[in-house]
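The structure is reproduced here in structure tokens:
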């Protein structure tokens, strides 16, 4: 038997179709529908050469182009990571602190923004640091706010024991968030969300 629903008064859904202005940036979403962040794992992956990781692929660019055709007001990307070995999963897009505003990686992010926004959607990047949620096979010694390990097997993943961050680590991560925000802005994104769950 299906569970009963809570009683509620009828409401007018028209406001969902109205534009939404973001006060700080002045950007206007054409409606109030947002595609939430989902990990796609469609960027490049190389188990040995770190600098070959995290470049947006044609598959990722096509995915966002297709979501852009869905008439969302805002598209929120999946995890965009800040470091080659501090990842939620293999295949995450990555903007390392030393990434220049040119070249293959930058062009991948620029094409992603161009495709996603072609039909009028805004595109925001979800900038992320995984903390202790780094798989052992990606990094056996990730950094986190503490050295408390995430125990057990989670969806087939085993997590490494992190080390507690030191002052230099905090400075690097903060700088990474700032650089990544500037990077996606220059690539054509409209905003960022800082992922803080880990």
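Numbering (my numbering), first residue to last: 1 to 198.
From the three backbone atoms N, C-alpha and C, an ideal C-beta is built for every residue, glycine too.
Buried or exposed by the 16-neighbour rule on C-beta atoms within 10 Å, applied to residue i
{"i": "residue 88", "result": "buried"}
{"i": "residue 107", "result": "exposed"}
{"i": "residue 6", "result": "exposed"}
{"i": "residue 4", "result": "exposed"}
{"i": "residue 66", "result": "exposed"}
{"i": "residue 136", "result": "exposed"}
{"i": "residue 111", "result": "buried"}
{"i": "residue 148", "result": "exposed"}
Residues near residue i by beta carbon distance below 6 Å, same chain, minus five either side
{"i": "residue 77", "result": "125, 126"}
{"i": "residue 68", "result": "116, 118, 119, 121"}
{"i": "residue 75", "result": "35, 67, 116, 121, 123"}
Enclosing beta strand (DSSP E) for residue i [first to last residue]
{"i": "residue 179", "result": "Run containing residue 179: none in the beta strand (DSSP E); it sits in the alpha helix (DSSP H), 167-187."}
{"i": "residue 62", "result": "No beta strand (DSSP E) contains residue 62, which is instead part of the alpha helix (DSSP H) from 58-68."}
{"i": "residue 124", "result": "122-128"}
{"i": "residue 80", "result": "74-81"}
Neighbourhood of residue i by C-beta, 8 Å cutoff - its chain only, sequence neighbours within 5 removed
{"i": "residue 114", "result": "188"}
{"i": "residue 50", "result": "84, 85"}
Span of the alpha helix (DSSP H) around residue i
{"i": "residue 193", "result": "Segment 191-194 is the beta strand (DSSP E) holding residue 193; no alpha helix (DSSP H) there."}
{"i": "residue 108", "result": "103-117"}
Under 7 Å between C-beta atoms of residue i and residue j
{"i": "residue 95", "j": "residue 180", "result": "yes"}
{"i": "residue 71", "j": "residue 122", "result": "no"}
{"i": "residue 39", "j": "residue 79", "result": "yes"}
{"i": "residue 128", "j": "residue 81", "result": "yes"}
{"i": "residue 131", "j": "residue 146", "result": "no"}
{"i": "residue 163", "j": "residue 141", "result": "yes"}
{"i": "residue 27", "j": "residue 101", "result": "no"}
Whole-angstrom C-beta distance between residue j and residue i, which should lie under 8 Å
{"i": "residue 109", "j": "residue 56", "result": "6 Å"}
Spatial neighbours of residue i in its chain, beta-carbon cut-off 7 Å, leaving aside the 5 residues before and after
{"i": "residue 73", "result": "20, 29, 30, 31, 32, 33, 34, 121, 122"}
{"i": "residue 52", "result": "44, 46"}
{"i": "residue 172", "result": "97"}
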